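What follows is a short report on a single structure.
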Amino acid sequence: FNTKDAKEWNVPPMVSLDHNPVKAVEVDLWTSFDRSVGHHFNLSVDLNACTGCGACVIACHAENNVPVVGKAEVRKSRDMHWLRIDRYYSSETSFKEDNEKKNNFDGLWGEKGSLGGFGQMEIASENPQVAFQPVMCQHCNHAPCETVCPVAATSHGRQGQNHMAYNRCVGTRYCANNCPYKVRRFNWFLYNKNNEFDYHMNDDLGRMVLNPDVNVRSRGVMEKCSMCIQMTQLTILTAKREGRPIKDGEFQTACSAACSSGAMIFGDVNDKESKVAQLLEDDRMYHLLEHVGTKPNVQYHVKVRNI
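Take the sequence shown: its position 186, counted from the start at 1, is 171 in our numbering, and no numbers get skipped.
Below is the structure:
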């Protein structure tokens, strides 16, 4: 990391164009809008700093009136989190030049199974190596979800966000099927004012903490991360009312404001002096599934470990 060029340890993804390898970022499906005017928001996530505490997930639920559906629904893959934390475990155990271990690697404890012998790879008393990766809507500039919606319920904004118009959504779920990041959530039920779900939206006192700036979604509607557009608009309007420019760090999302380790940085990349704009040029920066060509507005920074 310290001795070699970033092109060696953070290899840019390549795609084939006219039978020639080309960097994925240089290939466009269609002409993009001019993003140099006004605000263009980006979220930076540093995997070195993320501890996987989950504060961002809780803050997102509270800020955006995201329903808590319970374990039974999550088991059916009906979770409603706008933001999830993926965990990637690694081991120093190697199969290199050990064919016997490789051939017996079938079950959790070396027996036939589906988990692949992981129980014998680590010493239980030691902490396994793990990388935490918060994943939310990537707010792609070339969003696959936008092109398949038959009623234009999802569209792209001038500030970089991928918008949802809940009153237009008819629940085809084409967008969720076409999202490579799997971050869109469908309301299988009416979760508020429904006694089947025991959480604050179904309690008279609990409903008093709902955010009045965010719509409570109904059954049959798709939803996802909005990049807390209500918070960014409040910042813009407050600065306009006070007749002053917006300072770096004023723009926040619920997740970036709640992050205690400073792993999440939000801001305007059109402000070249902002921290998020500088992070965009960092050697450790990469985009999730960059080879797909979605051109996300969420950037990640690779995790670096000492050997």
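Glycine included, C-beta positions come from ideal geometry on N, C-alpha and C.
The structure presented is a predicted model; accordingly, all values stated were derived computationally and were not measured.
Beta bridge counterpart(s) of residue i as assigned by DSSP
i: T220; result: In DSSP, T220 forms no bridge with anything.
i: E208; result: R170
i: G251; result: Checking the sequence shown, residue 251 turns out to be Phe, not Gly. F251 pairs with L28.
Whether residue i touches residue j by CB criterion (7 Å)
i: N(-5); j: V201; result: no
i: F251; j: L68; result: no
i: C130; j: N163; result: yes
i: V254; j: A248; result: no
i: Q114; j: S75; result: yes
i: A(-9); j: D268; result: yes
i: W173; j: R63; result: yes
i: M216; j: Q237; result: yes
i: V53; j: Y184; result: yes
Residue closest to residue i, alpha-carbon to alpha-carbon, out of the options
i: N177; options: H286, S259, R204; result: R204
i: G23; options: G278, V289, D267, K257; result: K257
i: A44; options: R192, R72, L265, C210; result: C210
i: G142; options: F26, D71, E266; result: F26
i: V136; options: G145, A150, P(-2), D183; result: A150
i: G37; options: V54, D71, K167; result: D71
i: H127; options: V289, T16, H4, N5; result: T16
i: V59; options: R170, V277, R290, H276; result: R170
i: A138; options: V289, C154, Y166; result: C154
i: D293; options: Q218, L219, S259, K225; result: The shown model of the chain, from -14 to 292, leaves out residue 293, and the question about it has no answer.
i: V168; options: V199, H66, K61, G39; result: H66
i: N196; options: A239, T220, N179; result: A239
Residue i burial status per 10 Å Cβ neighbour count (16 or more: buried)
i: S1; result: exposed
i: L190; result: exposed
i: D222; result: Note that residue 222 corresponds to Leu in the displayed sequence, not to Asp. By the 10 Å Cβ count, L222 comes out exposed.
i: G18; result: According to the sequence provided, residue 18 is Phe. The question's Gly does not apply to it. Result: exposed.
i: H286; result: buried
i: P230; result: exposed
i: A57; result: exposed
i: P(-3); result: exposed
i: N(-13); result: exposed
i: G278; result: buried
i: Y166; result: buried
i: Q146; result: buried
The region 112 to 126 in contact with the region 25 to 32 per 3-pair CB rule at 8 Å: Yes, they touch.
Three CB pairs or more closer than 8 Å across the region 152 to 162 and the region 211 to 227: In this structure the region 152 to 162 does not lie against the region 211 to 227, because fewer than three pairs of beta carbons, one per stretch, are closer than 8 Å.
Stretch pair the region 5 to 22 + the region 269 to 281: three plus CB contacts closer than 8 Å: The way I'd put it, the region 5 to 22 does touch the region 269 to 281; three or more beta-carbon pairs between them come closer than 8 Å.
Inter-stretch contact at 8 Å, needing at least 3 Cβ pairs: the region 230 to 248 / the region 276 to 283: The region 230 to 248 makes no contact with the region 276 to 283; the number of CB pairs closer than 8 Å stays below 3.
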